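Working notes, structure below.
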Amino acid sequence: DFHPDEILSTNWMRLDCHLGVLSASGNHSQSNGEEMCLDHDVGWMRGCTVISIPFSCRAWNPGPQEYLIDNFFYCSLLSVISERLLDHTLSKNFRFKPYKLHWHPSHKESDIGVHGEL
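Take 1058 as the starting number for the sequence shown in my numbering and just add one per residue.
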């Protein structure tokens, strides 16, 4: 269960700095470490996007509401996955051989697919 008083004393500026959004001074300039993390050569891009947030039928303004997120930092999902798969030390927990589990009940003529992966 979430209780707002649990985060009342949270230092949001410090958290934002840790996540690479703001510098320790609180403005939008970036420190050297953040510049390296958000460098375009590393794959980070900045843009804006619109997200749709659904609101309950009991809300003052029910239904989906669209919100514009400006200065949104993102990275290509394909590049993140490729980086992980190409680095042997990072990919040791990935399974590369497809796996399928079938069950053959005695009263059926063919197998039934129970589970399958990539």
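The beta carbon of each residue, even a glycine, is placed where N, CA and C say it ideally should be.
A quick note: this is a predicted structure, and the numbers were derived from the prediction, not measured.
Three-state secondary structure (DSSP) of residue i
i	result
Trp1117	coil
Asp1073	helix
Pro1111	strand
Leu1143	helix
Pro1162	coil
Under 9 Å between C-beta atoms of residue i and residue j
i	j	result
Ile1110	Tyr1124	yes
Arg1141	Phe1130	no
Length of the line joining the Cα atoms of residue i and residue j
i	j	result
Met1093	Asp1062	Summary for Met1093: the model assigns pLDDT 48, below 50, so the residue's position carries little reliability, and this model does not support an answer.
His1145	Arg1103	29 Å
Thr1067	Asp1058	18 Å
Glu1166	Gly1173	20 Å
Trp1101	Trp1160	45 Å
Leu1076	Ile1169	46 Å
Lys1126	Cys1132	In the sequence as displayed, the identity of residue 1126 is Ile instead of Lys. Going from the Cα of Ile1126 to the Cα of Cys1132 covers about 15 Å.
Lys1149	Leu1143	10 Å
Outcome for residue i when other beta-carbon atoms lying within 10 angstroms are tallied against a minimum of 16
i	result
Cys1114	exposed
Cys1074	buried
Strand pairing of residue i, partner residues [DSSP]
i	result
Tyr1131	Met1102
Ile1126	Thr1106
Lys1157	Gly1173
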